[in-house]
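Here's the structure, in structure tokens; my notes come after.
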Amino acid sequence: MARLKLKKLEEYLQCVDGFEKPKILLEQYPTPPHIAACMVHHIQAQHEDIEGNLVADLGCGCGMLSIAATMLGAQLTVGFELDDSAVDTFRQNVLEMELPNVDCVRANVLQLPGSKWDNAFDTVVMNPPFGTKHNAGMDMRFLEVGTRLATGAVYSLHKTSTRAYIQKKCKEWGAKGSVVAELRYNIDASYKFHKQKSKDIEVDFWRLDVTEMVKL
Amino acid sequence: MKLSTYNFLTSMAIKGVKVGYPLKLTITKQNVVESEFNPVFIEKLLPKLDWAALYGAAQVAECAEDIPPAQPDNIADNEALLQKLHHLLFEIDVLEGQLECPETGRVFPITDGIPNMLLNEDEV
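Chains A and B, in that order, are what the protein sequence lines are.
Taking numbering that gives the first Met the number 0, the leading residue of the first sequence gets 0, the next gets one more, and so forth.
Taking numbering that gives the first Met the number 0, the leading residue of the second sequence gets 0, the next gets one more, and so forth.
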């Protein structure tokens with residue numbers, strides 16, 4: 000059960016401010032409120048991995064997924080983000096929406112493993128950079144960090160074209176990966192090089208069960 | 000920054016740092032944000048908490064009289080202490096201050112409630 004109806008959650012998430020000046024190298028595309036609401040609502044309604052849990056949001060940007068998790072009752076959500084203006088907007092969003100139990104840490108996600116954050120979280124959620132702008136494989140590096148930080152499950156979005164590769168990596172890591180849903184991710188033309196006004200890309204919503212992973 | 004988040008922060012990513020924990024906390028501005036008390040969650044979190052680090056943080060946040068210096072047994076049965084832990088971990092919000100690496104003295108500022116743990120390229 001989720002404490003908020005999906006529609007209501009999406010309505011609240013419409014109020015989350017996005018990137019003021021998106022940075023192309025960091026692939027700062029906001030997670031659309033509809034997708035964030037569907038993801039987090041599914042995570043709670045189907046798996047009860049949000050309410051009363053410790054949740055991380057890797058590459059949280061302005062906090063769309065963190066805020067969604069908090070609204071569905073996460074006991075504490077910690078968003079990790081590299082970019083200074085994104086963390087400022089994150090904090091502004093949290094203050095304006097008067098949300099308790101949500102923190103943002105400015106840090107490099109790739110430097111988190113090996114610290115006290117290992118196995119600190121029940122659940123990790125993320126909409127990682129897809130690794131299309133001079134940072135090939137970035138989404139997979141984020142996903143691997145997620146499996147290190149979570150004890151329960153990792154939820155993430157990846158381009159459908161990489162499905163077989165992700166399945167192979169999950170086996171390598173000892174995680175049980177499954178595609179929850181196929182999404183059409185609508186990216187508005189937020190950058191000048193986007194010729195079409197808006198473009199759909201095919202994205203998979205993954206759940207990685209990491210409960211049986213052998214960890215250091 | 001909540002003190003529950005502080006409990007997990009280290010400076011381990013700095014080149015040459017071995018433990019990088021606990022970070023020395025300084026608070027210049029803090030706030031209290033009320034939140035729902037969840038004793039089950041605190042019990043679940045206990046094994047992940049570093050009591051000495053939290054006791055230190057409680058002193059800095061000026062609520063040390065609420066928290067015993069050493070972790071008592073059977074916290075689960077002690078509702079009053081669980082309430083105080085809840086307040087310490089989830090309701091105190093550090094708005095301005097800093098975290099200092101115990102080994103190198105590197106300072107990580109906390110501004111508008113956000114700890115900046117980002118390192119320069121030559122530090123990692």
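Note that CB positions come from ideal geometry on N, CA and C, so glycine has one too.
(message) For the region 48-59 of chain B, list every residue whose C-beta sits within 7 Å of some C-beta in chain A, in sequence order.
(response) none
(request) Look at Tyr154 (chain A) and Ile34 (chain A) and say whether their C-beta atoms are less than 9 Å apart. (result) Position 155 of the first sequence, counting from 1, holds the residue named residue 154 (chain A). Position 35 of the first sequence, counting from 1, holds the residue named residue 34 (chain A). No, they are not a contact pair.
(request) Pick helix, strand or coil for Ala188 (chain A), following the three-state DSSP scheme. (result) By one-based count along the first sequence, residue 188 (chain A) stands at place 189. Reliability fails at Ala188 (chain A), whose pLDDT of 46 lies under 50, so the model's placement of it is uncertain and the value that follows must be treated cautiously. Looking at Ala188 (chain A) - three-state DSSP - the assignment turns out to be coil, as it is neither helix nor strand.
(request) Could you tell me which chain B residues have their CB closer than 9 Å to the CB of Cys169 (chain A), listed as they occur along the chain? (result) For the purposes of this step, residue 169 (chain A) is taken as the residue at position 170 of the first sequence. Chain B residues near Cys169 (chain A): none, gap ~25 Å exceeds 9 Å.
(message) Please list, in chain order, the residues of the region 63-74 of chain A that have any C-beta partner in chain B closer than 9 Å.
(response) Gly72, Gln74
(message) Relative to the C-alpha of Ala174 (chain A), which candidate in A:Cys37, A:Val54, A:Lys214 has its C-alpha closest?
(response) Working through the first sequence from its first residue, we reach residue 174 (chain A) at position 175. Considering only alpha carbons, the answer is A:Lys214.
(message) Here's the rule I'm using: 16 or more other beta-carbon atoms within 10 Å means buried, otherwise exposed. How should Glu211 (chain A) be labelled?
(response) For the purposes of this step, residue 211 (chain A) is identified with residue 212 of the first sequence, where counting begins at 1. That one is exposed.
(request) Output, in sequence order along the chain, the residues in the region 104-126 of chain A whose CB is closer than 9 Å to any CB in chain B. (result) Val104, Arg105, Ala106, Asn107, Gln110, Leu111, Gly113, Ser114, Lys115, Trp116, Asn118, Ala119, Asp121
(request) Grab the span of the alpha helix (DSSP H) containing Cys103 (chain A) for me, first residue to last. (result) For the purposes of this step, residue 103 (chain A) is taken as residue 104 along the first sequence, with counting starting at 1. From DSSP, Cys103 (chain A) is part of no alpha helix (DSSP H) but of the beta strand (DSSP E) over 101-105.
(request) Please classify Asn6 (chain B): does DSSP put it in a helix, a strand, or coil? (result) Taking the first residue of the second sequence as 1, we reach residue 6 (chain B) at position 7. It is coil, neither helix nor strand.
(message) Does the distance between the C-beta of Leu207 (chain A) and the nearest non-hydrogen atom of the ligand PLP fall short of 8 Å?
(response) Because no ligand of any kind appears in the structure shown, any question about the ligand PLP cannot be addressed here.
(message) Which residues does DSSP list as the beta-bridge partners of Ile113 (chain B)?
(response) Translated into the one-based positions of the second sequence, residue 113 (chain B) becomes position 114. Answer is B:Thr110.
(request) Would you be able to state if there are at least three C-beta pairs under 8 Å between the region 2-15 of chain B and the region 160-178 of chain A? (result) no
(message) For Thr69 (chain A) and Pro67 (chain B), I'd like the C-alpha separation in whole angstroms.
(response) What you label residue 69 (chain A) is simply residue 70 of the first sequence in a count that begins at 1. What you label residue 67 (chain B) is simply residue 68 of the second sequence in a count that begins at 1. Thr69 (chain A) and Pro67 (chain B): Cα-Cα distance of roughly 30 Å.
(message) For a minimum of 4 consecutive residues, which ranges assigned as the alpha helix (DSSP H) are wholly contained in the region 85-163 of chain A?
(response) 137-148
(message) Alpha carbons only, please: which of B:Asp72, B:Val123, B:Phe89, B:Arg105 is nearest the one belonging to Met0 (chain B)?
(response) As a working note, residue 0 (chain B) is residue 1 in the second sequence. Out of B:Asp72, B:Val123, B:Phe89, B:Arg105, B:Phe89 has the C-alpha closest to the C-alpha of Met0 (chain B).
(message) Assess contact between the region 203-210 of chain A and the region 71-86 of chain B, defined as three or more Cβ pairs (one per stretch) separated by less than 8 Å. Is contact present?
(response) no
(message) Here's the rule: buried if 16 or more other CB atoms are within 10 angstroms of the residue's CB, otherwise exposed. What is Thr20 (chain B)?
(response) Here residue 20 (chain B) corresponds to residue number 21 of the second sequence, with the count starting at 1. Note that residue 20 (chain B) is Tyr in the sequence shown here, rather than Thr. Under this definition Tyr20 (chain B) is a buried residue.
(request) Would you mind sorting Arg183 (chain A) into buried or exposed? The rule is 16 or more other CB atoms within 10 Å of its CB. (result) Residue numbering aside, residue 183 (chain A) sits at position 184 when the first sequence is read from its first letter. Burial call: exposed.
(message) Please report the straight-line C-alpha distance between Ile91 (chain B) and Val209 (chain A), rounded to a whole angstrom.
(response) Within the second sequence, the letter at position 92 stands for residue 91 (chain B). Within the first sequence, the letter at position 210 stands for residue 209 (chain A). So the two alpha carbons sit approximately 32 Å from each other.
(message) Less than 9 Å between the beta carbons of Cys62 (chain B) and Leu44 (chain B), yes or no?
(response) In the second sequence, the residue the question calls residue 62 (chain B) occupies position 63. In the second sequence, the residue the question calls residue 44 (chain B) occupies position 45. No, the Cβ-Cβ distance between Cys62 (chain B) and Leu44 (chain B) is not below 9 Å.
(request) Could you say if the region 79-90 of chain A and the region 109-122 of chain B meet the contact criterion of at least three C-beta pairs nearer than 8 Å? (result) yes
(message) Using the Cβ count rule (16 or more neighbours within 10 Å means buried), how would you classify Thr30 (chain A)?
(response) Walking along the first sequence from the start, residue 30 (chain A) turns up at place 31. Under this definition Thr30 (chain A) is a buried residue.
(request) List the DSSP bridge partners of Asn30 (chain B). (result) For the purposes of this step, residue 30 (chain B) is taken as residue 31 along the second sequence, with counting starting at 1. Looking at the DSSP assignment, Asn30 (chain B) forms a beta bridge with B:Asp92.
(message) Any C-beta of chain B within less than 9 Å: which residues of the region 27-55 of chain A qualify?
(response) Gly51, Asn52, Leu53
(request) Note down, in chain order, every chain B residue with its Cβ under 9 Å from the Cβ of Leu81 (chain A). (result) As a working mapping, residue 81 (chain A) is identified with position 82 in the first sequence. Within chain B, the residues near Leu81 (chain A) are Leu117.
(message) At the level of alpha carbons, what is the spacing between Thr103 (chain B) and Val16 (chain B)?
(response) On the second sequence, position 104 is the one that residue 103 (chain B) refers to. On the second sequence, position 17 is the one that residue 16 (chain B) refers to. So the alpha carbons of these two residues sit roughly 7 Å apart.
(message) Checking the sheet assignment: what are the DSSP bridge partners for Gly55 (chain B)?
(response) Position 56 of the second sequence, counted from the start, is the residue given in the question as residue 55 (chain B). DSSP output for Gly55 (chain B) lists no bridge partner at all.
(request) Check each candidate in A:Ala1, A:Asn126, A:Thr88 and name the one with the smallest Cα separation from Tyr47 (chain A). (result) To locate residue 47 (chain A), count along the first sequence from 1; it is residue 48. Looking at the sequence itself, residue 47 (chain A) is Glu, so the reference to Tyr does not match. Comparing Cα-Cα distances from Glu47 (chain A) to each of A:Ala1, A:Asn126, A:Thr88, the minimum goes to A:Ala1.
(message) Tell me which residue opens and which closes the alpha helix (DSSP H) that Glu78 (chain B) is part of.
(response) Numbered from its first residue, the second sequence carries residue 78 (chain B) at position 79. Run containing Glu78 (chain B): 78-85, per the alpha helix (DSSP H) assignment.
(request) Please name the residue, chosen from A:Val124, A:Val179, A:Pro112, A:Val178, that lies closest to Ala152 (chain A) on a Cα-to-Cα basis. (result) Position 153 of the first sequence, counting from 1, holds the residue named residue 152 (chain A). Nearest C-alpha to Ala152 (chain A): A:Val124.
(request) For Ser177 (chain A), write down the residues that DSSP places opposite it in a beta bridge. (result) Within the first sequence, numbered from 1, the residue matching residue 177 (chain A) stands at position 178. Answer is A:Arg206.
(request) Would you please verify whether the beta carbon of Arg162 (chain A) is less than 9 Å from any beta carbon of chain B? (result) Reading the first sequence from its first residue, position 163 is the one you call residue 162 (chain A). Not closer than 9 Å to any Cβ of chain B, the Cβ of Arg162 (chain A) fails to qualify, so no.
(request) May I ask which residues mark the beginning and end of the beta strand (DSSP E) holding Phe79 (chain A)? (result) Here residue 79 (chain A) is taken as the residue at index 80 of the first sequence, counted from 1. Run containing Phe79 (chain A): 75-80, per the beta strand (DSSP E) assignment.
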